[in-house]
Amino acid sequence: MKLKAIACLLVGLSVSGCALQKDYVALQGRLTTLEDELRQSRTLSQGVEEKVTSKNARLINRMEGLDEELRTLRGELEESLHHSTQLSTNNTDMSQALGELRASVEELSRKLSRLEAFTGYEPSDAPPPAGAVPLDPTAKPTAKSTYMDAKKAFDAGKMDEAKTGFASVVETFPTSDSADNAQFWIGEIYYREKWYQKAILEYQKVIENYPNGNKVPAAYLKQGLAFETLGETENAHLILGELLRKYPDTAEASIARKKLGQ
């Protein structure tokens, strides 16, 4: 009975040992599986981490690049605003300068008009009157054409050529409307050449030969200025006084009054 009981116990232990062995093997297998899964999980985690790290790095680089672009744009904007402010200021200054220049030109134009009034200046490049017939270059010279050619030479600073032309008008067309003007400009040529004694004589021809001409007041005035330049103040005052007596309402008389202190 005891032997049978022992035998049964051994059989039970054997069966139990087999069961434990199977459980151990199963447990070992599960443990191995878990370890494999853990390793895979770690590997996957590392891969994801590397990818995230790389992506973060790229994002950081991109953000740094955007920051740099933003700083550049801000700099350009500030520069543009500064330039715009300067441009606005410059435009204001330029407008003011142009206004001052325009006023100076207008004042110069007024002075030039007054100067032309008493010197008898006649623009040589004035447009021909409406309906005027163009001059035929092969036509015989007239008093007017000879005078205009001489005046153009005078305005261009060609004094010898101008003097010859004006003298031709006086000698060839002494009774023409251009003769007194031509004689006056001969005097002007000598005045500009600072040959004041000769200029005085030529102006005197205007006064004596063309007493009704439009250049007589200007001839008196320029005679007086020539005498003054030569230091002959008494003669200058006599001539200017004669101008005031004979032509008191002319522009030349106004200049003479200032010279005489009246």
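When you line the sequence shown up against mature numbering (1 follows the signal peptide of the UniProt record, and there is no 0), it's residues -19 to -1, 1 to 243, in that order.
A virtual CB, placed ideally from N, CA and C, is assigned to each residue, including glycine.
These figures come from a predicted structure and were not determined experimentally.
N162 is classed as buried because its beta carbon has at least 16 other beta carbons within 10 Å across all chains shown.
Distance between Y228 and L219, taken at the CA atoms: about 14 angstroms.
The DSSP-derived three-state label of D161 is helix. When only Cα atoms are considered, M140 and Q204 end up about 20 angstroms apart.
Judged by DSSP in its simplified three-state form, Y177 adopts helix. Secondary structure note for L219: its alpha helix (DSSP H) is the uninterrupted segment T214 to K227. T210 and Y177 do touch by the CB rule: their CB atoms are close to 6 angstroms apart, below 8 angstroms.
Secondary structure at L202: helix, using DSSP grouped into helix, strand and coil. In this structure, the straight-line span from the alpha carbon of G222 to that of A148 is close to 30 angstroms.
Residue state for F154 is assigned as coil, using DSSP reduced to three classes. Taking C-alpha positions only, A200 is separated from D230 by approximately 15 angstroms. In the structure shown, T145 adopts helical secondary structure according to DSSP, grouped into three states. A Cβ-Cβ distance of about 28 angstroms is found for the pair E142 and P198, leaving them out of contact under the 8 angstroms criterion. Apart from the 5 residues on each side of it in sequence, Y128 sits with its Cβ closer than 6 angstroms to the Cβ of V150, S159 and A163 in its chain, given in chain order. Taken through DSSP and simplified to helix, strand or coil, Y191 comes out as coil.
The C-alpha of P122 is placed about 11 angstroms away from the C-alpha of F154. K125 and E81 have their C-alpha atoms some 41 angstroms from each other. Taking C-beta atoms as the reference points, I181 and A207 count as a pair closer than 7 angstroms. The C-beta distance from V187 to K175 rounds to 19 angstroms, too long to fall under 8 angstroms, and the pair is not in contact. Note on geometry: alpha-carbon atoms of I170 and Q77 lie some 41 angstroms from one another. In this structure, L225 lies away from L202, with their beta-carbon atoms at least 7 angstroms apart.
Between the beta-carbon of G146 and that of A134 there is about 6 angstroms, and that keeps the pair under the 8 angstroms contact cut.
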